[in-house]
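Heads up, this note's numbering is the position in the sequence shown plus 18, with the first residue counted as 1. Even for Gly, the Cβ is constructed at its ideal location relative to N, Cα and C. Notes follow the structure.
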Amino acid sequence: MPIKIKRAGKFGFCSGVRVADLKVRRFAAGGGRGAILGQVVHNERVVEDMERLGMRTVHTIEEVSEPTIVFSAHGVPDSFHEHARERGLHVLDTTCRFVYDIHRESRKALADGCHLVFMGDPNHREVIGYTHDLDPAAFHVISTMAEARDIDWASYRAVKVFYQTTLNAEEFEEIVRYIESINSRTSRADTICYATKENQEAARELAMDDEVQLILVIGGRQSANTRHLWEITSRIKPSHLIQGAADILPEWLEGISCIGLTAGASTPDSIIDEVEETLTRA
Ligand code: SF4
Numbered sequence: 019m020p021i022k023i024k025r026a027g028k029f030g031f032c033s034g035v036r037v038a039d040l041k042v043r044r045f046a047a048g049g050g051r052g053a054i055l056g057q058v059v060h061n062e063r064v065v066e067d068m069e070r071l072g073m074r075t076v077h078t079i080e081e082v083s084e085p086t087i088v089f090s091a092h093g094v095p096d097s098f099h100e101h102a103r104e105r106g107l108h109v110l111d112t113t114c115r116f117v118y119d120i121h122r123e124s125r126k127a128l129a130d131g132c133h134l135v136f137m138g139d140p141n142h143r144e145v146i147g148y149t150h151d152l153d154p155a156a157f158h159v160i161s162t163m164a165e166a167r168d169i170d171w172a173s174y175r176a177v178k179v180f181y182q183t184t185l186n187a188e189e190f191e192e193i194v195r196y197i198e199s200i201n202s203r204t205s206r207a208d209t210i211c212y213a214t215k216e217n218q219e220a221a222r223e224l225a226m227d228d229e230v231q232l233i234l235v236i237g238g239r240q241s242a243n244t245r246h247l248w249e250i251t252s253r254i255k256p257s258h259l260i261q262g263a264a265d266i267l268p269e270w271l272e273g274i275s276c277i278g279l280t281a282g283a284s285t286p287d288s289i290i291d292e293v294e295e296t297l298t299r300a
């Protein structure tokens, strides 16, 4: 009997990534020559696709020899825009509007005298975008309770908490409550983006479905939001994180009659279709 496939109610490319992908493709199709600073979205297949279109990925502004530099949906610090301008580069900015909201809101909180807290990964490009240009005394990036306990929160007049857009907020609730218990002038910005919330909620529902025995989460190796989907589903059902159909091991499918599929916000529809086709042929 063929394996039954159930897709999550919501999965895959978010609006921010769709817009970024489209902007770069249109630019390349119109004959534009540019280099992308970091992966345009955290998906290796999309990066390969961009390279085929002549849009190579670089890791520093210095490496750009093309007339245009592309800033990804994750956003960059203001100083990167200045640096690009100084080098005479044209900027194609594909920063997601939700990321720009956090840039704006965190600047305002800082001007209001708040100490800034970013819940997330200090090495993630989105977080670097928020923090790179700040005085190191003005903010903390934290992700564990141990880190939170190490900081004298009472010494700040007020604290404002921001979340990296693609986090699973529940995992950080205890940490944020701890900060609030020490400093009563702590407030939170609701910065987990809608696409992330919807994909996470739908992944949870899929994993709770009694018929589904195994979940495959499709996405790039460096995609934080894909990893968070896997963290959610793997607590409920056996789950594997894959980049595409080639990663599926036959032994995973032994005795399985129904598989749930979901995908991160940086996973193109074509890869999801390809995985489904492979499974239906298995
Ligand atoms: S996951 Fe959300 S914040 Fe990130 S690019 Fe997509 S819409 Fe924007």
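Below 7 Å, is the gap between the Cβ of residue i and the nearest heavy atom of the ligand SF4?
i: Phe-116; result: yes
i: Ser-33; result: yes
i: Cys-211; result: yes
i: Thr-183; result: yes
i: Ala-283; result: yes
i: Asn-186; result: no
i: Asn-243; result: yes
i: Ala-207; result: no
i: Ala-176; result: no
i: Thr-280; result: no
i: Thr-112; result: no
i: Ala-300; result: no
i: Ala-221; result: no
i: Ala-91; result: yes
i: Thr-149; result: no
i: Thr-86; result: no
Taking the beta strand (DSSP E) that residue i falls in, what are its first and last residues?
i: Met-137; result: 133–137
i: Thr-296; result: Unbroken run through Thr-296 is the alpha helix (DSSP H), 287–299; no beta strand (DSSP E).
i: Ser-124; result: Taken as a continuous stretch (DSSP letters only), Ser-124 belongs to no beta strand (DSSP E), being part of the alpha helix (DSSP H) at 115–129.
i: Thr-183; result: Looking at the DSSP string, Thr-183 is not in any beta strand (DSSP E), and its letter there is neither H nor E.
i: His-258; result: 257–260
i: Ala-53; result: 52–55
Leaving aside the five residues before and after residue i along the sequence, list all residues of the same chain whose C-beta is less than 6 Å from its C-beta, in chain order.
i: His-133; result: Tyr-174, Val-177
i: Gln-231; result: Ile-274, Cys-276
i: His-92; result: Arg-143, Glu-144
i: His-108; result: Pro-85, Thr-86
Which whole-angstrom value describes the C-beta separation of residue i and residue j, a residue pair presumed to lie in contact below a C-beta threshold of 8 Å?
i: Thr-75; j: Ile-54; result: 5 Å
i: Arg-239; j: Glu-69; result: At roughly 17 Å, the Cβ-Cβ gap does not stay under 8 Å, so Arg-239 and Glu-69 are not in contact.
i: Ala-283; j: Asn-186; result: Not confirmed; about 13 Å, so no contact.
i: Val-88; j: Leu-110; result: 5 Å
I need the boundaries of the alpha helix (DSSP H) containing residue i, first residue and last residue.
i: Val-145; result: 143–149
i: Val-42; result: 33–47
i: Lys-24; result: From DSSP, Lys-24 is part of no alpha helix (DSSP H) but of the beta strand (DSSP E) over 22–25.
i: Val-194; result: 191–200
i: Val-65; result: 62–70
i: Ser-205; result: Segment 204–206 is the beta strand (DSSP E) holding Ser-205; no alpha helix (DSSP H) there.
Closer than 7 Å by C-beta to residue i: which residues in its own chain qualify, once you throw out the five before and the five after it? Chain order, please.
i: Ser-97; result: His-150, Asp-151
i: Thr-214; result: Thr-183, Thr-184, Asn-243, Ala-283
i: Ser-241; result: His-60, Asn-61, Gly-282, Ser-284
i: Leu-128; result: Leu-134, Ala-156
i: Gly-50; result: Thr-86
Taking 8 Å as the limit between beta carbons, can you name the residues of its chain near residue i, skipping five residues before and five after?
i: Ala-166; result: Ile-160, Ile-193, Tyr-196, Ile-197
i: Lys-255; result: Ala-225, Val-230, Gln-231, Leu-232, Ile-233, Gly-278
i: Asp-139; result: Val-145, Val-159, Ser-161, Gln-182, Ala-242
i: Lys-24; result: Leu-224, Asp-227, Glu-229, Val-230, Cys-276, Ile-277, Gly-278, Leu-279
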